[in-house]
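Below you'll find the structure, written out as structure tokens, and then a few comments.
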Amino acid sequence: MDYEPQGAKIVTPNKNVGNMPADHARNGFYGQDILSVSQFDRQKLEYIFKVAHEMRVLVERFGSADLLHGKILANLFYEPSTRTSSSFMAAMLRLGGQVIPINNVQYSSVTKGESLPDTIRTLESYSDVIVLRHPEVGAAATAAHYAANPIINAGDGVGEHPTQALLDLFTVVESLGRIDKLRVAMVGDLKYGRTVHSLTKLLVNYEVEFVFVSPEILAMPEDVLNVVREHGHSFSVTDDVNPVIGEVDVLYVTRVQKERFTDLAQYDRVRDQYVVDEALMERAKRDMIVMHPLPRINEISYGVDDDPRAAYFKQMRNGMYIRMALLAAVLGKA
Ligand code: NCD
């Protein structure tokens, strides 16, 4: 069956998540899809970070809770994932809910040619919330159009990865105590990397200075730069990390997204252009952090892992707390 991808539907009515509990109605997330970071302003971000912090305390003290007891998450991944998929699962399980894991769509009816809308319609009949990763930009918005349950975008091709950006920002606040007045450099594949698209669009809510470091062919797309411009932020663009390393508070490193290249010879030319190693870190500020959404290939050498400024494993752990907060919020239990 053919279907028309829908434009991003940012404001969606409350979906089919049961009667709205009066005391939870005000969080603004109840019954909502999470499709794009443009749904978040500073107030909403602070709310999610506060709940994520509470989730961390909960996990450290008790391991789990029964907040989402009786709720079911359908975890539907059309692209590979380790952290996003398992942290959503862990988040649901730690809150007492259950998960239908579809990590391998080749073993589902997708292989028989089933369309995304039909797959979504099927899963919504068995679950309360659906997490979706898909190779097409706009797939989460399409799914949200068809689903009565909330859809959470876990990455739509080269489009967005909103939950990653939330955990990234949460890690910045936790590590540096603030977001305003920071100089943030994003390095690597800014063209195909959906994490940097979402993170940039989220950071425009704060007073940050952007530095975009990439080979020319992997530059940050104009539509993302336009969001930066519209919010009146200054940014600079370069292909060399050396002149900026000593001046940044956050160095956000990304993998060159091999799977998005049509010409692999082109990939080979840019794959190892940036390697953050101990020598480079010697020239970085004492109180900066190095981030990476992971998986890393060669972009950060293993020698950097023990540097107190390496924040990428912290990001990974924070993913579960942020996703616990989001699941609780959209299901009206935060
Ligand atoms: C990222 C993704 O899938 O976009 N991974 C993740 O979710 N942590 C980054 C990447 O694959 O390079």
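In this text, residue positions in the sequence shown follow this note's numbering: the first is 45, and each later residue adds one. Where a beta carbon is used, it is the ideal one built from N, C-alpha and C, also for glycine.
Buried or exposed for residue i, going by 16 or more other Cβ atoms inside 10 Å?
i	result
residue 106	exposed
residue 308	exposed
residue 299	buried
residue 377	buried
residue 221	exposed
residue 113	exposed
residue 74	buried
What separation, rounded to the nearest whole angstrom, lies between the Cα atoms of residue i and residue j?
i	j	result
residue 217	residue 223	6 Å
residue 319	residue 162	43 Å
residue 173	residue 326	45 Å
residue 247	residue 365	20 Å
residue 199	residue 322	31 Å
residue 156	residue 150	9 Å
residue 213	residue 232	19 Å
residue 264	residue 305	16 Å
residue 108	residue 266	43 Å
residue 274	residue 251	13 Å
residue 36	residue 249	Since the displayed the chain opens at 45 and closes at 378, residue 36 lies outside it and no answer follows.
residue 51	residue 182	Residue placement at residue 51 cannot be trusted, given a pLDDT of 39 that sits under 50; the coordinates are not used to answer.
residue 127	residue 359	10 Å
Under the three-state reduction of DSSP, which class applies to residue i: helix, strand or coil?
i	result
residue 373	helix
residue 354	strand
residue 119	strand
residue 303	helix
residue 296	strand
I'd like to confirm something about residue i: is its beta-carbon nearer than 7 Å to some heavy atom of the ligand NCD, or not?
i	result
residue 130	no
residue 205	yes
residue 243	no
residue 125	yes
residue 315	no
So residue i and residue j are supposed to be a Cβ contact under 8 Å. How far apart are they, rounded?
i	j	result
residue 336	residue 285	Actually they are not in contact, since the Cβ atoms of residue 336 and residue 285 sit about 14 Å apart, beyond 8 Å.
residue 371	residue 117	7 Å
residue 294	residue 332	7 Å
residue 188	residue 77	4 Å
residue 380	residue 125	The chain is shown only over 45 to 378; residue 380 falls outside these bounds and no answer can be derived.
Please tell me whether, using a cut-off of 7 Å, the distance from the CB of residue i to the nearest non-hydrogen atom of the ligand GTP is below it.
i	result
residue 239	The ligand GTP is not part of the structure shown, which contains the ligand NCD as its ligands.
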